[in-house]
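For the protein sequence lines, the chains are U and S, in the order given. According to the numbering used here, the first sequence is numbered sequentially starting from 54. According to the numbering used here, the second sequence is numbered sequentially starting from 34.
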Amino acid sequence: MRSPHFPTAALFCACGAAAAPAARAADVDVQVRAATGLPVAGAVVSVHLIGRPTPRPRSTGTYMVDQQDIQFRPFVLAVPVGASVMFMNHDPVRHHVYSFSPAKKFELKLASKQQNQSVLFDRPGIVPLGCNIHDRMIAYLDVVDTPWARAADAHGHVLIRDVPAGMVTITVWHPYLRAPGNSVSRTVTVAEAGVHGETFVAPMRTPPHDPGSGY
Amino acid sequence: MGRNTSLAMSLGRIGLLAVATALLSATSAHAADPAETGLLTAYANLDLATADGPRAWLDDRSGLGGTGKGRFGNPDGDGLRVRPYVSEAGLVVQPDFGWSLSGLVSVIAQHGQDKAVDVSEAYLRWRPLPFGPVRTNVRAGVFYPPISLEHRGGEWPVVETITPSAINSWIGEEVKVGGIEVNLSTMIGEHRLSLTAAGFELNDTAGTLLTFRGWALHDEKATLFGYQPLPAMAPAIRGVQARETRPMIDLDHHIGWYAKLSWAPPGPFQIQYFHYDNRGDPQTLDAGLQWGWRTRFDHLGATLDLDDKTRLTAQAIDGTTIMGFRGAGGRRWINMRYRSAFLLGTRQLAQGSVSGRIEAFSTRNHGSRVVSDDDETGWAATAATRWPLVRHASVLAEALHIDSRRDARLREGVVPHQCQNILRLTLRLRGGTAG
């Protein structure tokens, strides 16, 4: 079973038929940096094919979002469409997890330090998560409809293996990326072998301010 | 009534301290961070304090409150003698009634409090699950309006210092309401907006302490049934106003209101505007000579994060209060304008924090019975540090300097211009059970 924690849980290309080594494919190596030069950890990099259908990801295993120290962990999780995400409460207090996203509306009532519940995410899109009890708890799921998607590590680095040769769109999404839809894309041509490198310099906004007291 | 030597009061603090100790030893569900909440939280603040300057305003051993600005004073002039205090102990119960309705009851015993144990806050909170981008919070009961940027958590503690600013000291001692408050918050693009509005009663005497004593810096909180002492008043008002004020009382059944708008644009900054009007009838009084005061103020608050460890916090307030009938020239007996502002800087360390605060305050009287003798001008500087010790304990050290001038001090034979220094070392114990 894959590690439940981000970012290692987010590599889908190794888990399905689409991830089997393609006859003519290359690895896509993406570096995501802010304009300041700092890496953008958690940025979700996804690849869609152009001129041919992008296969649906095949989800196996379980993806997890922990509640620990009155925070969601990870802050960003890439999830293949059709996958279930397990929400685990490690805190000694209860959490009321919810989302009103068009991609998935749900609520979970998680008693303290015991309950785990899973939610099926069957539509692609961004799913912001909140806790109705603790306002400062915020996280995001990026439910992706491609087998080639992964969230950046702490160094802003993503390696996506076995992307079929030809024209593709590479998209970078992050909740604090200052762009329409919080994402930027570019079209590139992937060679039949080797490693295709890309660097994204993303305009980032400062995370929302926590006033620290009430409203 | 000698509140500082009251046996009942001491027993109340000791009793709550004993409960707190028992809870701390029996449970380990949550820690010293006041943001963490549970079904039951017990806490106690143990102080070592030394001070100079005049008799503290809470020290009513002479039958009247003192003219000192701090929680502690040294009227006997016996040097910087260090004294121990249990400055505050309390229990906070936060039951849940389902997943959207919860409650909070805070029971408190403070050094200087006239009741052995009293209620600080008690309210129900309704937080329906959002079905769209707007979040809703509703509170009903007895609570502090959302003004202070220095307090946080169930027992309403000051987080980074021991003593709050003059503004938030006044909020703590006189501006607590019984009412219903609705808060709506949402994100519009990258901007977070929050609107809060409330209708309330139980705050008709707000402004009494500020008029007769002036500004002060302390961490004593108003309680639901408690009284606060007043110093010697102007001759023209003596016998008309009781010698103590009861902060939480309703005399005229007029519903007051407040509203707040908060804006957090993209970036490490947020600002908020707050307006308060208790709509008190200044001509209403009860048999105990508690008067209605018409008290209004405008308040601005802002925070700016210079980096991920350094925050600047500022608040400013400008208001008026009136009381009594119209006298000479059509002026009310009391018509007082009050202003204050502070800037607080806090740097988070690997363990704990260091803070510095500078502030200024003033009052100006334009009434027919209380005149410029009761005007006041002053400033204060505070340096504090906080260290977490273990999961259930933290230590704060604070040096507070208050410089103020108030001619009314002459009524007690105290020199109008006073410079006062207060040093405090506080051990905060906090623990409880999970919710």
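The C-beta atom is built at its ideal place from N, Cα and C for all residues, glycine as well. Since we're looking at a predicted model, the values are computed, not measured.
- With a 10 Å radius around the Cβ and a threshold of 16 neighbouring Cβ atoms, K209 of chain S comes out buried.
- Bridge partners of L212 of chain U according to DSSP: U:D82.
- Legend: CB atoms of the region 147–160 of chain U lying less than 7 Å from CB atoms of chain S belong to residues R147, H149, Y151, F153 and E160.
- With fewer than 16 other Cβ atoms from the protein chains shown falling within 10 Å of its own Cβ, V448 of chain S counts as exposed.
- Along the region 185–207 of chain U, the positions whose C-beta sits under 7 Å from a C-beta of chain S are N185, read in chain order.
- For L157 of chain S, the closest alpha carbon among the candidates S:G101, S:S135, S:R359 and S:D319 is that of S:S135.
- From the beta-carbon of P299 of chain S, the residues of chain U found nearer than 7 Å are R258 and T259.
- Ranked by how close their Cα comes to the Cα of S437 of chain S, the residues S:I455, S:A413, S:P190 and S:W420 have S:A413 in first place.
- Look at W203 of chain S here: in three-state DSSP terms it is helix.
- Pairing L91 of chain U with P217 of chain U gives a Cβ-Cβ distance that is not under 8 Å.
- Taken atom to atom, the span from the alpha-carbon of L72 of chain S to that of L163 of chain U is near 16 Å.
- Closer than 8 Å to the CB of E223 of chain S there is at least one CB belonging to chain U.
- Residue pairing for Y309 of chain S: DSSP places it in a beta bridge opposite S:Y291 and S:F330.
- Per DSSP, F245 of chain S is one residue of the alpha helix (DSSP H) stretching across T241 to F245.
- Within chain U, the residues whose beta carbon sits less than 9 Å from that of W132 of chain S are R147, H149, E160, K162, N185 and I186, listed in sequence order.
- Per DSSP, the unbroken beta strand (DSSP E) holding F358 of chain S starts and ends at T343 to R359.
- When Cβ pairs closer than 8 Å are counted between the two stretches, the region 409–425 of chain S is seen not to touch the region 219–234 of chain S, the count staying below three.
- The shortest C-alpha to C-alpha distance from P301 of chain S to any of S:T346, S:L257 and S:V273 is the one to S:T346.
- Distance between D80 of chain U and A131 of chain U, taken at the CA atoms: about 19 Å.
- By the criterion of a C-beta distance shorter than 6 Å, S236 of chain U is surrounded in its chain by T224 and W226, once the five residues flanking it on both sides are discounted.
- Under DSSP, D195 of chain U takes part in a beta bridge, and its partners are U:A131 and U:I179.
- Three or more Cβ pairs closer than 8 Å define a contact, and the region 116–123 of chain U falls short of that threshold against the region 94–112 of chain S.
- Distances from the alpha-carbon of N169 of chain U to those of U:F253, U:A244 and U:T115 put U:T115 closest.
- Under the 8 Å criterion on CB atoms, L162 of chain S is classed as interfacial with respect to chain U.
- In its chain, beyond the 5 residues on either side, G325, G357 and F358 have a beta carbon closer than 8 Å to the beta carbon of Q316 of chain S.
- Here the C-alpha atom of P178 of chain S lies approximately 13 Å from the C-alpha atom of A255 of chain S.
- Distance between G289 of chain S and N216 of chain S, taken at the CA atoms: about 17 Å.
- Linking G446 of chain S to G411 of chain S through their CA atoms gives a straight-line distance of about 19 Å.
- Beta-bridge analysis with DSSP links A374 of chain S to S:A349 and S:A393.
- A contact between stretches requires three or more CB pairs, one per stretch, nearer than 8 Å, and the region 202–219 of chain U fails this requirement with the region 138–156 of chain U.
- Taking all protein chains shown into account, Q384 of chain S has fewer than 16 neighbouring C-beta atoms within 10 Å of its C-beta and is therefore exposed.
- Counting along the chain, M220 of chain S sits inside the beta strand (DSSP E) bounded by residues V210 to I221.
- With a threshold of 8 Å between beta carbons, G99 of chain S makes no contact with chain U.
- If you draw a straight line from the Cα of D440 of chain S to the Cα of G247 of chain S, it comes to about 11 Å.
- Secondary structure within the region 410–467 of chain S: the beta strand (DSSP E) runs of 3 or more consecutive residues, fully enclosed, are 426–438 and 450–466 (chain order).
- Going by C-alpha positions, V172 of chain U is about 12 Å away from L182 of chain U.
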